[in-house]
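Protein chains in written order, with the numbering used here: chain Z, 150 to 447; chain L, 207 to 880. What follows is a set of notes on a single structure, which appears directly below.
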Ligand SMILES: Cc1cc2nc3c(=O)[nH]c(=O)nc-3n(C[C@H](O)[C@H](O)[C@H](O)COP(=O)(O)OP(=O)(O)OC[C@H]3O[C@@H](n4cnc5c(N)ncnc54)[C@H](O)[C@@H]3O)c2cc1C
């Protein structure tokens, strides 16, 4: 069985526990073992990197070191902010190999601890990779009827030298996955627009304006579901939707990529944490067909 | 012992400031073989040259060493002076005391010592200089022009008018290039076809122009004055000698919905046909990929319709060889397609078009008869947003250069739109506006002042469809990067000019250079703008870099005059500094062992095989021979030759050993010293 390291981070233990549940359930369904990094610490997102570069680097490096000691080469990081921090740290350590050695030493070794050998992987990359074999062959419920607006936001794609995304302003990876699983994807102009996450608490008005802009274009493009892969995006678009929509504007369900993939893989809404969204997903689910033949054979 | 004269130049202060020139002259007198040595303020001046000439005659010099500036500067001057005094010019040797000594040193004593060493090495070499005569190469007075856009047409006509025969090779079925696709042209707004088609007809019917349309250059061999070019005439499946261009064939063709290449995909065409009505030659071509007869053998309607039996489905490509003395490359450019811009509505929205597509919309002969109608639904757009610099000036996308013509043609497009649809709102998003050229800024002013075109200084980020229209997202760079969203019915991208996709492949066939973007390289950007580094090959038009029509035509005429200038000589004289393979009387014949390692390394294909036979005609051995017309004197073969059978005139082994020996101050006297 395939094994990959797992770093849930704080969001997935809190507000985004449904994301966590869907990733774990999907992995299990695909017979992949998620090995949670023992004793992982905060990734340092939101404040550390803005205040102290070294602290930021060490926080992320500590998790990479623990992964390496556990013999792991790859860590799946569902939260886009955690992914960004871990990937940025590995990139920096790979660029400055001597620094990697120093930090490995400061974190308690052992002497041959090579921090540059661990790679942070986000769920989009993970599923793109799993699609041809594992995911494609195990998908039993085509996502026909779903018209998905894929929303990437910022940290999943930018900056490209950290995220390794080829077209950071016009990414198409989620579209590729969902189309293969039978969904329709819409073309729209706000896929990499900011959701306003950094202003989530300090200037809510910005978040509401951004949310509305995103909702408007997704609906206009004909989407009946918004797909995200970041807890912050999810919170701002799902939780705040009732705040930014006015009367008569119809709510749009916001699902994690792993939830949509989980549905295709035959998992039930409960297993994927779909009962805990602010915007109800019931109507959407009713459009889906039964679990049946493999999607990719049709 | 040779009688050598050494002449040390002060070059005003350039050399004299750091080198004691009189001291160098005095030291030279001590060197073996030196009969006279003097220093002088400006040797390149008339009195300076007279000094050299007099010394040659009076002292009876057998060789001279001029210690002055780089040979690139004045070698020719001094060799001419020596020749005027009756000395073979190749017995004159330049020691570079300026670029390689005085200019790069500050310590006068050390510089003077180095200058003496340099002169010593050259004196030692000069003793082995042999009189050489320029290589005479016969000249074929015919020219090849590759590419039949306005550049190729102009060059071919000018050369032909100069009395020289031209072979004009055009890859597509018709002459014309991009200019045939344009509607009206800046800065005068005259109709492009109206000024172009007479030139096309002239080129197509000129008595001294042999037009090879729908043909490509397959192989180029030879050298300046003597190129052999093989040309592939692609099968048209129509016999051009029988065809009258009546059009019966394409009227019958059932494949009526193919996308017209000439209309940039906006119009329709048939599988047999001419690209546009004014095509030269006006003979159709069958597009094999899309022809039902070729696919299923179940059509042949054009064949039945043809009144003269010109359709021939069995026609094959045909190879012809032409002898020419000079070549003009005029292969033009391409524009980036909109698919290169995923940020602009995924690069495939029907109402996001390129500037070249806009030309077809604006053209009276285009798919809309010259009305600006958007491709999606045929509506007249109320607002058109023009995005300049799409793909140009974007080092991040690997294209740092300015495409140069887009500011002007965008102003033209905005004006044409406004002239054709008065209530329309043209908006141009630009980084800045570049209008260098005669009458150009005036033209742009007309667009803004008289036609009310709105220019916004900005960087465009994204285009996306919304509400049946398009939204253009941009940052206003004049007002502090403020974000703008503009609604438009049609978006026109001024996409970058790029080299032809096969530009590099053709460059390799021709043996010419190109820059990192793929544009063909001239020898000198200012002083030799139309010549390639390979002798006998010239450049015209946009294959060398973005250019508009006036510049293209000017360069084409310049290239033509270069060709005519080359052909004005009776024969070509080339520098005799070429390689030579050892030859000796029988029974030795040559110490060349016939391994042909030289052939492998020669970058100019100058090594030939020569069979040595006895009187009865029996083969004794095969040895290498250097074609002096092709050899560029690089010396690579000399280094590769295991038998030391090859030597380079002017840089023989014994000369180099002598120079090194002098530098080492040893008294190495190679065997055979005079
Ligand atoms: C949208 C647009 C609008 C423009 N508007 C104006 C304007 O208003 N005024 C103005 O002055 N300029 C304008 N220009 C610029 C103008 O088009 C060029 O200056 C001109 O076409 C350059 O001519 P050319 O012969 O060098 O190249 P091209 O026109 O590209 O012609 C090259 C020819 O060579 C042929 N060829 C290519 N490779 C080979 C090969 N290997 N073998 C044989 N044949 C080959 C091609 O088929 C083609 O026929 C505009 C350009 C664009 C894109």
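Ideal Cβ positions, reconstructed from N, Cα and C, are used throughout, including at glycine.
Could you check the C-alpha separation between residue i and residue j for me, to the nearest Å?
i: residue 375 (chain Z); j: residue 419 (chain L); result: 55 Å
i: residue 242 (chain Z); j: residue 697 (chain L); result: 44 Å
i: residue 543 (chain L); j: residue 361 (chain L); result: 29 Å
i: residue 513 (chain L); j: residue 498 (chain L); result: 21 Å
i: residue 719 (chain L); j: residue 737 (chain L); result: 11 Å
i: residue 484 (chain L); j: residue 403 (chain L); result: 7 Å
i: residue 439 (chain Z); j: residue 290 (chain Z); result: 6 Å
i: residue 419 (chain Z); j: residue 547 (chain L); result: 42 Å
i: residue 395 (chain Z); j: residue 365 (chain Z); result: 12 Å
i: residue 266 (chain Z); j: residue 221 (chain Z); result: 9 Å
i: residue 348 (chain Z); j: residue 647 (chain L); result: 47 Å
i: residue 856 (chain L); j: residue 333 (chain L); result: 11 Å
i: residue 555 (chain L); j: residue 335 (chain Z); result: 13 Å
i: residue 437 (chain Z); j: residue 496 (chain L); result: 42 Å
i: residue 309 (chain L); j: residue 726 (chain L); result: 34 Å
i: residue 300 (chain Z); j: residue 341 (chain Z); result: 7 Å
Quick check: does the Cβ of residue i come within less than 7 Å of any heavy atom belonging to ligand 1?
i: residue 618 (chain L); result: yes
i: residue 378 (chain L); result: yes
i: residue 403 (chain L); result: no
i: residue 245 (chain L); result: no
i: residue 312 (chain Z); result: no
i: residue 284 (chain L); result: no
i: residue 332 (chain Z); result: no
i: residue 756 (chain L); result: yes
i: residue 391 (chain L); result: yes
i: residue 469 (chain L); result: no
i: residue 706 (chain L); result: yes
i: residue 424 (chain L); result: no
i: residue 788 (chain L); result: no
i: residue 537 (chain L); result: yes
i: residue 753 (chain L); result: yes
i: residue 698 (chain L); result: no
Are there 16 or more other CB atoms within 10 angstroms of the CB of residue i, so buried, or fewer, so exposed?
i: residue 261 (chain Z); result: exposed
i: residue 827 (chain L); result: exposed
i: residue 274 (chain Z); result: buried
i: residue 878 (chain L); result: Confidence at residue 878 (chain L) is low in this model, with a pLDDT of 45, below 50, so its placement is unreliable and the value that follows should be read with caution. Residue 878 (chain L) comes out exposed.
i: residue 721 (chain L); result: exposed
i: residue 845 (chain L); result: exposed
i: residue 684 (chain L); result: exposed
i: residue 434 (chain L); result: exposed
i: residue 268 (chain Z); result: buried
i: residue 339 (chain Z); result: buried
i: residue 245 (chain L); result: buried
i: residue 796 (chain L); result: buried
i: residue 305 (chain Z); result: buried
Using 8 Å as the threshold, is the C-beta distance between residue i and residue j below it?
i: residue 572 (chain L); j: residue 473 (chain L); result: yes
i: residue 349 (chain L); j: residue 534 (chain L); result: yes
i: residue 702 (chain L); j: residue 553 (chain L); result: no
i: residue 594 (chain L); j: residue 637 (chain L); result: yes
i: residue 413 (chain Z); j: residue 292 (chain Z); result: yes
i: residue 365 (chain L); j: residue 769 (chain L); result: yes
i: residue 616 (chain L); j: residue 561 (chain L); result: yes
i: residue 582 (chain L); j: residue 369 (chain Z); result: no
i: residue 526 (chain L); j: residue 491 (chain L); result: no
Quick check on the DSSP output: what are the complete beta strand (DSSP E) runs of length 3 or more inside the segment 695–772 of chain L, in order along the chain?
The segment 695–772 of chain L contains these whole beta strand (DSSP E) runs: 696–701, 703–705, 743–745.
Segments assigned beta strand (DSSP E), at least 3 residues, entirely inside the segment 386–426 of chain Z
Runs found: 403–405.
What are the complete beta strand (DSSP E) segments, minimum 3 residues, inside the segment 226–311 of chain Z?
268–270, 296–299, all fully within the segment 226–311 of chain Z.
Considering only residues of the segment 642–678 of chain L, which uninterrupted beta strand (DSSP E) runs meet the minimum length of 3 residues and lie entirely inside it, listed in chain order?
Restricted to the segment 642–678 of chain L, the beta strand (DSSP E) segments that are unbroken, complete and at least 3 residues in length are 660–672, listed in chain order.
4 or more residues per run - each alpha helix (DSSP H) lying fully within the segment 285–338 of chain L
Taking only runs of at least 4 residues, the alpha helix (DSSP H) segments lying wholly in the segment 285–338 of chain L are 314–332.
What are the start and end residues of each continuous beta strand (DSSP E) run of 3 or more residues lying completely inside the segment 482–567 of chain L, in chain order?
Restricted to the segment 482–567 of chain L, the beta strand (DSSP E) segments that are unbroken, complete and at least 3 residues in length are 524–530, 532–535, 539–541, 558–560, listed in chain order.
What are the complete alpha helix (DSSP H) segments, minimum 4 residues, inside the segment 591–636 of chain L?
612–626, all fully within the segment 591–636 of chain L.
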